[in-house]
Ligand code: SF4
Ligand code: SF4
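Residue numbers (the numbering used here), protein chains in the order written: chain D, 3 to 542; chain F, 3 to 181.
Encoded structure:
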């Protein structure tokens, strides 16, 4: 993955960072409505066998922590310092150069210095110094050490749930310190004493119970897919097959549940269905692996592992050769960066080969899982599908690189290739807001709750600001992306900051442009909107 | 009613000093440790907050002292207030920067006021600033209402999700939800 254009030393010399004046350690956080998420539902915490299920809210003075909470957290930290060498290194190695300081969207949008990644990490580092580093033990506060108190726990909760684990900061860090990793570990520590949020705990529990975030049961899943098949037929005139739990299929397709239950995700689902039919793919859906998302990865290595494992267990049960994955964000981070040591290598599967083009996806040799954008790009490159770009002429498109595909997977060119082959009008946002430097939607890693909306708008400002620019410059009216959280949270972000920009998946655009065998005369896209709109910028 | 020529000329001459101070006060509402970044990072995409205020302040000021009645000020002011409306400010803090302009102007032209005798004109100018403050207040409310409307839509979408989950049946109103 290419880094920033500047060399680390140059980056480092650009900003001088000094610790804030005395006092930052002593200001307790204030939980203001709109800037935090509600606590985890005790029923689901219990269901997951997680510690300390109880009713509480961040605004309560008493968080009802276990009596020995401090010991639990410090022991937990000790254990993790031992288990994750990266954590120990991240704690010791930061030179406070400040290269990361102004790269976080939450800092940029809020102006709150504790949202500088270096300060965020400092919240943990200060405690680490106090209890684990020699200098801190001796010199205490003078060495930037800080005792773990209840106020510190509250501050951790506040600020580590203001990090979307997007890793933009780490792109700029000359040492590659990954604040997202630190955030995950602190959330794991908080979880040990029962401090977590419902928007993570409940989807995780649902995924364990029924296979997906929403708790949709197999018959509900089937109804959703059947409904989409009917709807696709009414739009295109073509009846497609959508096999579910089909043993012996060549490929298992896994995508976020939002794709079959959310809007505007749903139009991307229609795109997948049309595409798979058109190329005659031998594939299957699964009612158990009915979720690509892995909210476990936001709070715990163990939960991440279990949820990731079920995708592979299902691939084994169904006897497929390999897995094709849909437009999801963090699923790809888990698969690409953790899967191998969590549950891999998936030796019982085969190295993925496209049955249509014969292309071997060597990059997926160990995970056996191919990103749909790569898969489709390969189809186009080999001339296996016909696309009519004019069918997207009602759209002037820009593309938001979702954090995880861009920074964790390095999937940068493929979605652009798909858009360029499906649309006549494509406009990039400014360079320092896309590709590896992309700005987060501000709502990832479990933060996309309605109660946290004000904070999400702060965090999403840099992204929205760049969209507003291309809207004003080029009349952009469609923001493409390849992540289910983006599809859910960019529309409200656009509504607040920009207006007049719709959000949708790249495979929606591909689906719109796809010419299908036996299709009826088409005049509308997958949303039922006419291909050409009079008076639209493109018709000028 | 426009600001008369004499005062106008004086203010044009003092523009950069006034606008600079005004922006400084605006940014001064943010924590000291963030100030340097907000004030010095000039890239509009790397620093949307700083850029929005520093690029709008001059234009707002121009229109304030100029003769033309255009709606640009309103749009610029809206952009600024929309940011303040979701940050860590009380409503009064969020729009207060408009009133700050009065003090900045008076301070900057304190000496000149006496010998060009423009007190009446200054009053006119200040009532125009009051007008801006009213626009800012409207924008603030509009932003907050927009925020709440978005939130209500999300809550509604989630409850229809729950209904769909219970019924297990997909209907044709697809709902919004998280990944
Ligand atoms: S990972 Fe993203 S959200 Fe977290 S501190 Fe870094 S830039 Fe900010
Ligand atoms: S985390 Fe990296 S970029 Fe940030 S201050 Fe530390 S060394 Fe510098």
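Glycine is no exception: its CB is placed at the ideal position from the N, C-alpha and C atoms.
Is residue 179 of chain D near ligand 2, in the sense that its beta carbon is under 7 Å from a heavy atom of that ligand?
yes
Can you name the residues of chain F whose CB is closer than 7 Å to the CB of residue 467 of chain D?
47, 50
Please confirm whether any heavy atom of ligand 2 lies closer than 7 Å to the CB of residue 123 of chain D.
yes
Taking CB distances under 8 Å as the criterion, tell me whether residue 152 of chain F reaches chain D.
yes
Which one of D:492, D:471, D:428 has the shortest CA to CA distance from residue 458 of chain D?
D:492
Less than 7 Å separating the Cβ of residue 109 of chain D from some heavy atom of ligand 2?
Remark: the C-beta of residue 109 of chain D is outside contact range of ligand 2, defined as less than 7 Å to any heavy atom.
Would you kindly check if the distance between the Cβ of residue 287 of chain D and the Cβ of residue 543 of chain D is under 8 Å?
For chain D, the structure presents residues 3 to 542; residue 543 of chain D sits outside this window and is missing.
For the stretch 513-530 of chain D and the stretch 253-260 of chain D, state whether three or more C-beta atom pairs, one from each stretch, are separated by less than 8 Å.
No, the stretch 513-530 of chain D does not touch the stretch 253-260 of chain D.
So which residues on chain F does residue 456 of chain D lean against when the C-beta distance must stay under 7 Å?
88, 149
DSSP beta-bridge partners for residue 288 of chain D?
Residue 288 of chain D pairs with nothing; no bridge assigned.
Is residue 505 of chain D closer than 8 Å to residue 266 of chain D when the C-beta atoms are compared?
Yes, Cβ-Cβ distance for residue 266 of chain D and residue 505 of chain D is below 8 Å.
Which same chain residues end up closer than 7 Å to residue 121 of chain D when comparing Cβ atoms and leaving out the 5 residues on each side of it in sequence?
115
Just the chain D side, please: which residues come within less than 8 Å of residue 40 of chain F by C-beta, in chain order?
113
Tell me, please, whether the CB atom of residue 32 of chain F is closer than 8 Å to any CB atom in chain D?
yes
Please report how far the alpha carbon of residue 58 of chain F lies from the alpha carbon of residue 82 of chain F, in whole angstroms.
C-alpha separation (whole angstroms): 8 Å.
From the DSSP secondary-structure annotation, give me the bridge partner or partners of residue 483 of chain D.
Note: residue 483 of chain D sits in a beta bridge opposite D:507.
As assigned by DSSP and simplified to three states, the class of residue 176 of chain F
Its pLDDT being 42, under 50, residue 176 of chain F is placed unreliably in this model, and the value from its coordinates should be taken loosely. Residue 176 of chain F falls in the coil class under three-state DSSP.
DSSP three-state call for residue 532 of chain D: helix, strand or coil?
strand
If we call anything under 8 Å between Cβ atoms a contact, is residue 300 of chain D one with residue 167 of chain D?
yes
For the stretch 27-43 of chain D, enumerate the residues whose C-beta is nearer than 7 Å to any C-beta of chain F, in chain order.
Listed in sequence order: no entries.
Chain F contact residues for residue 463 of chain D, given Cβ-Cβ distances below 9 Å
50, 51, 85, 88
Assigned secondary structure, residue 46 of chain F (DSSP; H/G/I helix, E/B strand, else coil)
The answer is coil: DSSP assigns residue 46 of chain F none of H, G, I, E or B.
Return the CA-CA distance between residue 21 of chain F and residue 73 of chain F, expressed in angstroms with no decimal places.
20 Å
Residue span of the beta strand (DSSP E) that contains residue 373 of chain D, given as start and end
Unbroken beta strand (DSSP E) run through residue 373 of chain D: 371-373.
Have a look at residue 41 of chain D and residue 421 of chain D and give me their C-alpha separation to the nearest angstrom.
40 Å
Just to make sure I have the definition right: I need the residues of chain D whose C-beta is within less than 8 Å of the C-beta of residue 157 of chain F. Which are they?
Counting only Cβ-Cβ distances below 8 Å, residue 157 of chain F has contacts in chain D at 452, in chain order.
Could you work out which residues of chain F lie near residue 384 of chain D, taking near to mean beta carbons separated by less than 9 Å?
Chain F residues near residue 384 of chain D: none, gap ~31 Å exceeds 9 Å.
Check whether the stretch 89-104 of chain D and the stretch 174-181 of chain D are in contact - that is, three or more C-beta pairs closer than 8 Å.
Taking 8 Å as the limit for Cβ pairs, the verdict is that the stretch 174-181 of chain D does touch the stretch 89-104 of chain D.
Short of 6 Å in beta carbon distance, which residues of its chain neighbour residue 67 of chain D, apart from the five on each side in sequence? Order them along the chain.
The residues are 195.
So which of D:318, D:534, D:30, D:359 has the shortest CA-CA distance to residue 352 of chain D?
D:318
Length of the line joining the Cα atoms of residue 107 of chain F and residue 123 of chain F:
13 Å
DSSP state of residue 27 of chain F, grouped into three classes?
helix
Taking 8 Å as the CB-CB limit, is residue 423 of chain D close to chain F?
no
Within a Cβ cutoff of 6 Å, which residues of the same chain sit near residue 114 of chain F, ignoring the five residues on either side of it in sequence?
12
In chain F, what lies closer than 8 Å to residue 496 of chain D by C-beta?
Within 8 Å Cβ-Cβ: nothing; residue 496 of chain D doesn't reach chain F, min ~10 Å.
I'd like to know if residue 432 of chain D contacts chain F, where contact means its C-beta is closer than 8 Å to some C-beta of that chain.
yes
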